[in-house]
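Notes for the one structure printed next.
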């Protein structure tokens with residue numbers, strides 16, 4: 007007997023037998039098997055005669071029963087036995103799966119899990135004998151034997167099964183469960199001899215067939231082995247060290263003239279790269295492993311919420327690093343719960359909305375651009391952005407003024423604010439308002455990003471992007487303030503190089519934020535030297551930066567992506583790109599926002615790795631300044647309606663002699679068309695105008711006014727042009743053009759209206775042309791923003 | 010905290026000793042992983058004041074803390090580069106930069122007394138006890154406190 011001290015036991019000093027190993031094996035395998043079973047059960051509910059699933063579940067429960075009998079877990083054995091009886095009746099076809107049986111079996115799985123957990127922690131099965139569960143299972147079995155037609159088969163089958171257990175005896179190796187079942191078909195096939203039990207014969211045949219499939223499956227499992235995760239991590243670390251050493255050798259070899267050194271170092275280089283890739287693969291797991299639990303979650307939540315949901319998964323084989331899988335498990339579950347709880351409507355509502363009764367929840371994973379993309383789409387009700395805005399204002403997270411300037415695309419991000427939940431009721435599943443912000447934080451923590459698109463009435467899509475691996479990454483090496491720093495390449499968008507004078511001219515300052523106009527887009531800038539500036543730097547960083555620009559030397563801008571925002575990092579020098587091993591910072595340095603870790607360069611010196619998100623935050627890019635900036639960008643397109651200045655406005659009349667004002671600077675031309683010239687293209691009205699097809703929008707419709715039924719012969723159209731595309735705004739008639747001092751009030755903002763003002767003594771609403779165009783013609787929304 | 014070597018008759022512990030300025034310090038040998046000469050250091054902007062930088066110790070990245078700075082003394086003059094005393098901690102080795110390394114001394118527990126009264130400020134806080142050794146006063150450093158830095162400058 008070998009005695010092993012178990013460090014995890016609560017009672018110190020208690021010694022255990024080698025049995026400990028067997029129990030451990032039993033627990034690991036059982037947990038694994040149970041996880042697969044949830045899916046099998048959900049599948050079975052949809053497809054009650056699915057033989058494979060039934061057999062799978064039966065085998066698992068059977069083997070659990072056998073092993074716990076051997077180890078001596080009597081309670082578990084009794085429960086597994088009750089489940090096994092029910093399952094064998096299902097296998098024989100005596101009983102058919104229905105919701106009640108499914109729930110009982112799911113409950114069985116949960117109870118077994120609970121007992122296993124208890125065994126894991128306390129070595130005992132726990133207090134409860136679970137009599138209710140056993141009673142339910144027995145009752146469900148009992149219904150079968152009450153039916154006369156099924157009686158012969160019903161009575162025949164339990165016996166051979168028990169007989170099998172007695173015959174085969176105790177499982178001694180992990181292989182035993184499989185071989186047991188291989189033995190099983192014979193007695194079972196032998197039992198249903200009576201001619202009327204045709205139903206029983208079919209399962210026997212199917213079971214025999216299954217046995218041969220199992221044999222094949224068994225040999226597949228032989229080509230895999232189970233490895234301790236700690237060992238894999240150690241392997242990963244060693245490879246990391248090897249990569250560093252390789253970098254150093256490459257550097258030295260480059261300096262050396264020796265041909266032999268050069269060849270060997272190249273060879274070392276190739277081998278190391280391959281080794282690195284292979285080892286990284288061992289840590290990669292298919293995302294299907296995380297998804298495995300989701301069908302059950304979907305089933306549970308949808309039945310709890312009274313909704314019908316079809317769950318589709320695409321891209322199960324997409325591989326992720328193990329550490330990432332751990333991090334996204336909870337966020338994905340939360341998102342799924344949210345979609346079913348708040349996204350997908352109740353069947354009646356869906357039918358009323360003209361949708362199929364069953365909602366679709368689709369999860370798609372794929373590799374793209376060095377990242378893993380996960381898309382979760384539902385065809386539910388979408389998110390009511392107006393409610394989100396309202397809630398944000400109610401909770402003082404947003405002022406009315408900010409709300410007015412917030413575009414819909416930006417409003418969507420409000421959802422990620424902590425403590426914001428628009429659920430009417432807080433259900434047990436979600437709606438506590440702590441979900442989405444935690445999801446976003448968790449994903450950003452591993453270097454990923456979350457993006458949300460929603461369309462009211464149509465559905466919502468969530469897009470998650472995560473870098474492929476965390477330990478060894480390609481990086482851009484730069485120099486600033488005399489030191490080298492590494493920037494993870496995954497965040498790198500592009501590099502911009504400006505000569506001294508050019509730099510001074512093209513870098514502007516807006517609201518105190520230095521920006522650079524990159525192909526028309528305003529890019530906020532962060533000066534790395536300023537971020538690094540503290541008492542230890544020899545020369546004040548800011549003066550360094552200014553001097554650089556004065557002296558006519560080069561300004562380097564590294565364009566980086568931090569979540570949704572892009573910004574430019576100004577550095578002194580750009581060195582090269584390298585693969586680096588990411589090492590975590592010690593406890594004294596962990597909290598520094600701008601550093602994500604450290605690495606050892608080829609020359610043996612330590613270099614710090616910049617945290618892109620941290621740099622963005624530090625320059626307040628994620629908050630007010632960029633908001634202001636974007637508002638500034640929009641202002642370029644928005645009409646200049648500021649209090650106290652003279653504005654030019656076009657006054658138009660709608661059908662009911664209501665007057666509206668259109669800022670003249672947005673008016674391209676005034677045209678007239680005959681009603682007969684108006685054609686339809688799909689849902690839109692269009693006219694042929696200047697060799698193009700121009701869509702028409704009836705302003706009164708767009709802002710929610712009614713229009714008289716009489717169709718006018720002649721249509722007055724205000725043509726609005728932006729970025730080469732034209733849209734015709736149909737009005738009743740053109741009234742006037744005024745130039746007046748306009749003081750606009752925005753207290754009663756509604757869609758399509760910027761505000762109201764008193765013009766020529768009358769209260770007139772001022773039209774928000776870009777917004778109207780944007781909502782009527784979605785793909786012109788970009789030009790409107 | 011435990012000492013590896015205890016004689017049965019009178020308890021003696023071994024201490025690694027070093028100097029910082031005029032002060033003579035000792036740290037129990039079990040707490041010291043090794044002693045290394047000055048290594049190229051990478052400075053860490055925005056780190057706590059006492060963090061001098063990061064060093065590469067056979068592939069491991071170790072934080073180096075300037076004991077002079079920790080004690081409120083001016084940094085070393087540059088004549089002689091500081092030495093690294095690598096202390097074992099739960100999170101891995103951390104280096105303490107000191108002026109000069111001295112011998113390993115065996116100190117009788119009986120000789121340990123309260124720190125002298127003329128110690129002030131930071132120094133006093135970091136000293137657990139003191140012992141007279143060959144005419145000099147050996148100050149036993151409280152390594153936990155020494156490595157517990159005020160938060161980083163952000």
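Chains as they are written, first to last, in this note's numbering: chain A, 7 to 791; chain B, 10 to 163. Every residue gets a Cβ at the ideal spot worked out from N, C-alpha and C, and that includes glycine.
9 Å Cβ cutoff, residue i in contact with chain A
i: residue 154 of chain B; result: no
i: residue 35 of chain B; result: no
i: residue 64 of chain B; result: yes
i: residue 143 of chain B; result: no
i: residue 50 of chain B; result: yes
i: residue 71 of chain B; result: yes
i: residue 74 of chain B; result: yes
i: residue 151 of chain B; result: no
i: residue 100 of chain B; result: yes
i: residue 125 of chain B; result: no
i: residue 103 of chain B; result: yes
i: residue 53 of chain B; result: yes
i: residue 139 of chain B; result: no
Residue i at chain B interface by Cβ criterion, 9 Å
i: residue 610 of chain A; result: yes
i: residue 41 of chain A; result: no
i: residue 585 of chain A; result: no
i: residue 600 of chain A; result: yes
i: residue 592 of chain A; result: yes
i: residue 489 of chain A; result: yes
i: residue 258 of chain A; result: no
i: residue 540 of chain A; result: yes
i: residue 613 of chain A; result: yes
i: residue 250 of chain A; result: yes
i: residue 604 of chain A; result: yes
As assigned by DSSP and simplified to three states, the class of residue i
i: residue 255 of chain A; result: helix
i: residue 390 of chain A; result: coil
i: residue 729 of chain A; result: coil
i: residue 91 of chain B; result: coil
i: residue 648 of chain A; result: Low local confidence applies: a pLDDT of 46 at residue 648 of chain A is under 50, so the model's placement there is unreliable, and no value is given.
i: residue 37 of chain A; result: helix
i: residue 99 of chain B; result: coil
i: residue 591 of chain A; result: coil
i: residue 168 of chain A; result: At residue 168 of chain A, the pLDDT of 37 sits below 50, so the modelled position is not reliable; the number obtained from the coordinates is stated separately. Residue 168 of chain A falls in the helix class under three-state DSSP.
i: residue 50 of chain A; result: helix
i: residue 301 of chain A; result: helix
Cutoff 6 Å; reference residue i; Cβ partners in own chain excluding five residues on either side
i: residue 586 of chain A; result: 481, 492, 605
i: residue 781 of chain A; result: none
i: residue 54 of chain A; result: 102, 103
Close-in-space but distant-in-sequence residues of the same chain around residue i (CB under 7 Å, 5 per side omitted)
i: residue 285 of chain A; result: 241, 242, 245
i: residue 500 of chain A; result: 565
i: residue 152 of chain B; result: 36, 40, 96
i: residue 38 of chain B; result: 23, 24, 25, 113
Candidates the options: closest to residue i by CA position
i: residue 70 of chain B; options: B:103, B:89, B:154, B:123; result: B:103
i: residue 288 of chain A; options: A:274, A:254, A:258, A:327; result: A:327
i: residue 43 of chain B; options: B:117, B:113, B:52; result: B:113
i: residue 67 of chain B; options: B:48, B:78, B:25, B:56; result: B:48
i: residue 118 of chain A; options: A:528, A:232, A:319, A:66; result: A:66
i: residue 653 of chain A; options: A:488, A:672, A:559; result: A:672
i: residue 348 of chain A; options: A:362, A:91, A:315; result: A:315
i: residue 588 of chain A; options: A:602, A:597, A:582, A:487; result: A:602
i: residue 687 of chain A; options: A:783, A:775, A:457; result: A:783
i: residue 329 of chain A; options: A:297, A:111, A:290, A:446; result: A:290
heavy atom of the ligand MN below 8 Å from residue i C-beta
i: residue 331 of chain A; result: The ligand MN is absent from the structure shown, which contains no ligand whatsoever.
Chain D residues whose Cβ lies nearer than 7 Å to that of residue i
i: residue 589 of chain A; result: The question asks about chain D, but that chain is absent: this structure's protein chains are A and B.
| task | Evaluate contact between the region 95-115 of chain A and the region 53-73 of chain A, counting only Cβ atoms and requiring at least three cross-stretch pairs below 8 Å. | result | yes
| query | Three or more C-beta pairs closer than 8 Å, one from the region 702-711 of chain A and one from the region 686-694 of chain A: is that the case here? | reply | yes
| query | Does the region 457-475 of chain A come close enough to the region 572-579 of chain A to have 3 or more Cβ pairs within less than 8 Å? | reply | Taking 8 Å as the limit for Cβ pairs, the verdict is that the region 572-579 of chain A does not touch the region 457-475 of chain A.
| query | Is the region 608-618 of chain A close to the region 501-512 of chain A, with three or more CB pairs under 8 Å? | reply | no
| the region 392-410 of chain A touching the region 357-376 of chain A, judged by at least three CB pairs closer than 8 Å | The region 392-410 of chain A vs the region 357-376 of chain A: no contact.
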